[in-house]
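Report on one structure; see the data block that follows.
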Amino acid sequence: MLTIRVRRPDGTFALDVPFEEGVALLADPEALVWFDLEEDSSESGAEIERVGAALALNHLTVEDLTHKGQRGKFEQFPGYSVLVMHGFGYQRDVPRLDEYELDLAIGTNWVLTGRDPKLVCLTPNAGLDAHLSTMMGSTADFLLYAIADRLVDSMFPVLDEMLDDVDDIEGRVVADDTNGLLERIFAMKRNGVTLRKVVSPHLEIFTRLTSPAYAVVKPEHVIYFRDVHDHLIRVFEVVDSYRELMTGALEVHLSTVNNRLSDVMKRLTVLTAMFLPLTFVTGAFGMNMVESPVWTDPAFWIIGVGMLGIAASQWVFFRLKGWA
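In this text, residue positions in the sequence shown follow the working numbering: the first is 45, and each later residue adds one.
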């Protein structure tokens, strides 16, 4: 679904204008046009081709818009620049981190976005329209900043949810609640790897955007993009902390399991040590004596009580040593 928002040369803002009007306004440098493409249907491919023809996009750009799964990147083409960014969604019950691609292209007086419909931070609503209508009062690069800033800010609630899960994991490790714990820890570690893989290119993107060598951002707007870059650094730091916490939780969990196993082995060893002399006595008398004492013989009871005494003395000794 294609939505076209425009700021006309007279300064008025329109939320959803016909395609023809949006394309016509491209010829006026005082206008600003935002082509927002929600890629949620089989018609998206035709809409991308239509917009690509109107904006004279390179076929490589059209291909990137059509096929998802791109790594975060920044590229320049004659007359416009292309960015690929990502947002996140988190399902705590799985746990699973979903990444949603956002493709952006920026020209002199236009911005094109191709977004996943699950990228809720850019889903049209009254709050978004009010915010971006203000941002569209400036230039295309400032609109790009507003979109990118909203996307990066949407990462923090996801990270908060993931850190809450880390707290839950740590609590379960301490409480020795191991039911399905190892699988969940590994799933969350994979999420940490995905986070780092996706966030890392964003830092490079905004480093290049704020560089005068690329001339995408006006000098007076560079400070805003640096602010987004600072937010990305914070995201990256949280991602690193998350990974360290998950590694620590895994190590503590494995250590707890090993300690519990060692405790079980120690108790089994104590039992083995207690039965060893008893086995020796019964083996010696059972196999090597011509006549073994029966229960009516006093020797039977003397031997039996002696064996119990040996076992009891061993148990007391092991208890005093703290081994049992």
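Ideal placement from N, C-alpha and C gives every residue a C-beta, glycine not left out. Computed from a prediction, not measured in an experiment: that's the story for all the values here.
* **Start and end residues, beta strand (DSSP E) containing serine 125** => 124-135
* To do: Using the Cα positions of glycine 350 and aspartate 307, report the straight-line distance between them to the nearest angstrom.
  => 29 Å
* Inter-stretch contact (C-beta, 8 Å, three-pair minimum) for the region 290-301 and the region 214-221 -> yes
* Are there 16 or more other CB atoms within 10 angstroms of the CB of methionine 318, so buried, or fewer, so exposed? -> buried
* Asked: If we ignore side chains and look at the alpha-carbon of each, how far apart do tyrosine 258 and valine 266 end up?
  -> 12 Å
* To do: Tell whether a beta-carbon distance below 8 Å holds between isoleucine 249 and methionine 290.
  => no
* Proximity to glycine 236 [Cα-Cα], best of Ser198, Val261, Phe280 and Phe269 -> Phe280
* **aspartate 147 - containing beta strand (DSSP E), residue span** => 140-150
* Which residue comes first and which comes last in the alpha helix (DSSP H) that contains arginine 240? -> 225-253
* Touching by the beta-carbon criterion (3+ pairs, under 8 Å), the region 140-160 and the region 65-82 -> yes
* Are there three or more Cβ pairs, one per stretch, closer than 8 Å when the region 100-114 is compared with the region 203-213? -> no
* Quick one: Cα of arginine 51 to Cα of aspartate 212, how far? -> 48 Å
* To do: Going by CA-CA distance only, name the one from Arg278, Asp137, Leu312 and Gly55 that's closest to methionine 232.
  => Asp137
* Exposed unless 16 or more other CB atoms sit within 10 angstroms - verdict on methionine 45 -> exposed
* For serine 125, count neighbouring Cβ atoms within 10 angstroms of its own Cβ and tell me buried if that reaches 16, exposed if not. => buried
* Would you grab the beta carbon distance between histidine 273 and threonine 238 for me? Rounded to a whole angstrom, and I think it's under 8 Å. => Actually they do not touch by this definition, with Cβ atoms about 21 Å apart.
* **phenylalanine 324 classed as buried or exposed, judged by whether at least 16 other C-beta atoms fall within 10 angstroms** => exposed
* Asked: Got a sec? Which residues, its chain only, sit under 7 Å from cysteine 165 by beta carbon, not counting five neighbours each side?
  -> Gly131, Arg194, Leu195 and Ser198
* Through-space distance from aspartate 160 to threonine 47, alpha-carbon basis -> 14 Å
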